[in-house]
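J.: Respectively, the protein sequence lines represent chains A and B.
Using our numbering, you'd call the opening residue of the first sequence number 1 and step up by one each time.
Using our numbering, you'd call the opening residue of the second sequence number 1 and step up by one each time.
The beta carbon of each residue, even a glycine, is placed where N, CA and C say it ideally should be.
Okay, here's the structure, questions in a sec.
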Amino acid sequence: DAMVIQNPRYQVTQFGKPVTLSCSQTLNHNVMYWYQQKSSQAPKLLFHYYDKDFNNEADTPDNFQSRRPNTSFCFLDIRSPGLGDAAMYLCATSRDFNEQFFGPGTRLTVL
Amino acid sequence: ELKVEQNPLFLSMQEGKNYTIYCNYSTTSDRLYWYRQDPGKSLESLFVLLSNGAVKQEGRLMASLDTKARLSTLHITAAVHDLSATYFCAVGTGTYKYIFGTGTRLKVLA
Chain A
1 DAMVIQNPRY
11 QVTQFGKPVT
21 LSCSQTLNHN
31 VMYWYQQKSS
41 QAPKLLFHYY
51 DKDFNNEADT
61 PDNFQSRRPN
71 TSFCFLDIRS
81 PGLGDAAMYL
91 CATSRDFNEQ
101 FFGPGTRLTV
111 L
Chain B
1 ELKVEQNPLF
11 LSMQEGKNYT
21 IYCNYSTTSD
31 RLYWYRQDPG
41 KSLESLFVLL
51 SNGAVKQEGR
61 LMASLDTKAR
71 LSTLHITAAV
81 HDLSATYFCA
91 VGTGTYKYIF
101 GTGTRLKVLA
């Protein structure tokens, strides 16, 4: 089945220790998104790639970076995680401006 | 800046009752999406509404879109416990972005 896969599902890191979250998709969608969702809040868009074009949200901290080496994969790098970065990170894909499909998410804990 | 508001934020209802969740947005858009999220899980797509007057139904849920009023509704008919979840609407902007509403946490009581 075509899908969006995120690894790991759970990630524990220490304060200030870099971490990378992974997203892959078999849908061949050209747009990939990263969202941050904190408890009892709506998902907040961090950035998205339209093909190879990177689009950063104005309020996304510089601590968050992303890479998309090919159509299928996208990574979220958190360079120096703080306690406030503990959240669920959701990857989503879409074909142009159509319906988004979400991965299962990675829950990040910062100690 | 596009703003998306949902109400109510919390909804506790008895099984068998009907209720409607409202999603208002502040600027023109003809793309409206409804998602369901169970605790600790990701988002599951429920409905895609792409034109004024669009109506979609799946089981006990029905969604509609009025682009002139900038309003979408999610109607629940004869609620059952399995519908307990958080429901989000999301509005498409013109730049491949989706702005999510605040979410409605629904609890259906037996």
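Please report whether the beta-carbon of residue 97 (chain B) lies at a distance below 8 Å from any beta-carbon of chain A.
T.: For residue 97 (chain B), the answer is yes, since a Cβ of chain A falls inside 8 Å of its Cβ.
J.: Is residue 29 (chain A) helix, strand or coil when you go by DSSP?
T.: Coil, per DSSP.
J.: List the DSSP bridge partners of residue 35 (chain A).
T.: A:45 and A:90, per the DSSP bridge assignment.
J.: Decide if the segment 96-109 of chain B is in contact with the segment 51-58 of chain B; the criterion is three or more beta carbon pairs, one per stretch, under 8 Å apart.
T.: In short, these stretches do not touch, since the Cβ pair count stays below three.
J.: Output the boundary residues of the beta strand (DSSP E) element that contains residue 107 (chain B).
T.: Taken as a continuous stretch (DSSP letters only), the beta strand (DSSP E) holding residue 107 (chain B) covers 104-109.
J.: Is residue 3 (chain A) buried or exposed, if buried means 16 or more other CB atoms sit within 10 Å of its CB?
T.: Exposed, since its Cβ has fewer than 16 Cβ neighbours within 10 Å.
J.: Going along the chain, which residues of the segment 32-48 of chain B sit with their C-beta nearer than 9 Å to a C-beta in chain A?
T.: Answer in chain order: 33, 35, 37, 40, 41, 42, 43, 44, 45 and 48.
J.: What are the residues that DSSP puts in a beta bridge with residue 7 (chain A)?
T.: Partner(s): A:22.
J.: Show which residues of chain A have a CB atom less than 7 Å away from the CB atom of residue 133 (chain B).
T.: Within the shown structure, residues of chain B are numbered from 1 to 110, placing residue 133 (chain B) beyond reach of any answer.
J.: May I ask which residues mark the beginning and end of the beta strand (DSSP E) holding residue 100 (chain A)?
T.: No beta strand (DSSP E) holds residue 100 (chain A); DSSP gives it neither H nor E.
J.: Please list the partners that residue 8 (chain A) has in chain B, where partner means a Cβ-to-Cβ separation under 8 Å.
T.: Ordered by position in chain B, no residue passes the 8 Å Cβ test against residue 8 (chain A), which lies about 14 Å from the chain.
J.: Tell me, please, whether the CB atom of residue 104 (chain B) is closer than 8 Å to any CB atom in chain A?
T.: Not one chain A Cβ lies under 8 Å of residue 104 (chain B).
J.: Counting pairs of Cβ atoms below 8 Å between the segment 3-12 of chain B and the segment 94-104 of chain A, do you hit three or more?
T.: Segments in contact, no.
J.: List, in chain order, every chain A residue whose beta-carbon is nearer than 7 Å to that of residue 92 (chain B).
T.: The contacting residues are 97.
J.: How would you write the range of the beta strand (DSSP E) that residue 92 (chain B) sits in, first residue to last?
T.: Start and end: 85-92.
J.: Touching or not, the segment 33-44 of chain B and the segment 86-95 of chain B, by the rule of three or more beta carbon pairs under 8 Å?
T.: Contact between the segment 33-44 of chain B and the segment 86-95 of chain B is present, because at least three Cβ pairs lie under 8 Å.
J.: Taking the runs of the beta strand (DSSP E) that are 3 residues or longer, which of them lie wholly in the segment 53-81 of chain A?
T.: With a minimum length of 3 residues, the continuous beta strand (DSSP E) runs that stay inside the segment 53-81 of chain A are 53-56, 64-67 and 73-78.
J.: Just confirm the distance between the C-beta atoms of residue 29 (chain B) and residue 91 (chain B), as a whole number of angstroms; I'd bet it's less than 8 Å.
T.: Confirmed, about 5 Å.
J.: Helix or strand or just coil, what does DSSP make of residue 71 (chain B)?
T.: Correct three-state label for residue 71 (chain B): strand.
J.: Opposite residue 10 (chain B) in the DSSP bridges: which residues?
T.: For residue 10 (chain B), which the question treats as bridged, DSSP gives the partners B:105.
J.: Roughly how many angstroms separate the alpha carbons of residue 46 (chain A) and residue 21 (chain B), rounded to a whole number?
T.: Each residue's Cα considered, the two are about 27 Å apart.
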